[in-house]
Amino acid sequence: MQMELTKKEKKDKIKLIEYYLKHYTTFKVANDNLQRQLQYLTPDENQSHLSMNSDEKEKIIIIRKKLNETLLIENSIENAISNLDLIEQKFINLRYFRNYSIEKTAQTIGYSKASLYVLRSRIMDKLLISFGVMIK
Numbered sequence: 079m080q081m082e083l084t085k086k087e088k089k090d091k092i093k094l095i096e097y098y099l100k101h102y103t104t105f106k107v108a109n110d111n112l113q114r115q116l117q118y119l120t121p122d123e124n125q126s127h128l129s130m131n132s133d134e135k136e137k138i139i140i141i142r143k144k145l146n147e148t149l150l151i152e153n154s155i156e157n158a159i160s161n162l163d164l165i166e167q168k169f170i171n172l173r174y175f176r177n178y179s180i181e182k183t184a185q186t187i188g189y190s191k192a193s194l195y196v197l198r199s200r201i202m203d204k205l206l207i208s209f210g211v212m213i214k
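Mapping to our numbering: the sequence shown position 36 is 114, numbers consecutive.
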């Protein structure tokens, strides 16, 4: 059973979720770049791992670790968003992916600012659960 979060803990976790959401496209680009770097550094089938020096091997380990982290974030975001209803997904898309202001998001969705804050709160409650240990 999960202990209840303090207001500060909840606020901090929501800030982290919002950071992940705002930088989602950057994580996707990072994943592509890390995969290319890994492809470049990883020997092909004709080349032996033995011919790699320790610096190259260390770089590969670091890149794989970073790639795993960014893939986890990207996949977690996609999975969490797929479980939201359409209006919640639209809010995420406008507010975080397209960087709309609260006012422009409210106007586009057709909600008042007050209603939008209620929607945001509901979404963040769902995402706190969906992201789980990733935001501890």
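Glycine included, every Cβ here is placed at the ideal spot set by N, Cα and C.
Bear in mind that the values here come from a model prediction, so they are computed numbers and not experimental data.
Secondary structure at S190: coil, using DSSP grouped into helix, strand and coil. In this structure, Y98 and I155 form a Cβ contact; the two beta carbons are roughly 6 Å apart against a cut-off of 8 Å. For the pair L194 and T186, the CB atoms are not nearer than the 8 Å cut-off. Under the Cβ criterion (8 Å, minimum of three pairs), the stretch 90–105 does not count as touching the stretch 128–144. L162 carries a coil assignment under DSSP once its states are collapsed to helix, strand and coil. The beta carbon of A158 lies closer than 8 Å to those of K204, L205, S208, F209 in the same chain, with the five residues before and after it left out.
Just measuring C-alpha positions, the residue of N109, K89, K85, L197 sitting nearest L162 is L197. Annotation for E87: the continuous alpha helix (DSSP H) segment containing it runs 85–100. For V107, there are no CB contacts under 8 Å within the same chain when 5 residues up- and downstream are skipped. Within the same chain, I141 come within 7 Å of Q115 by CB-CB distance, once the 5 residues on both sides are set aside.
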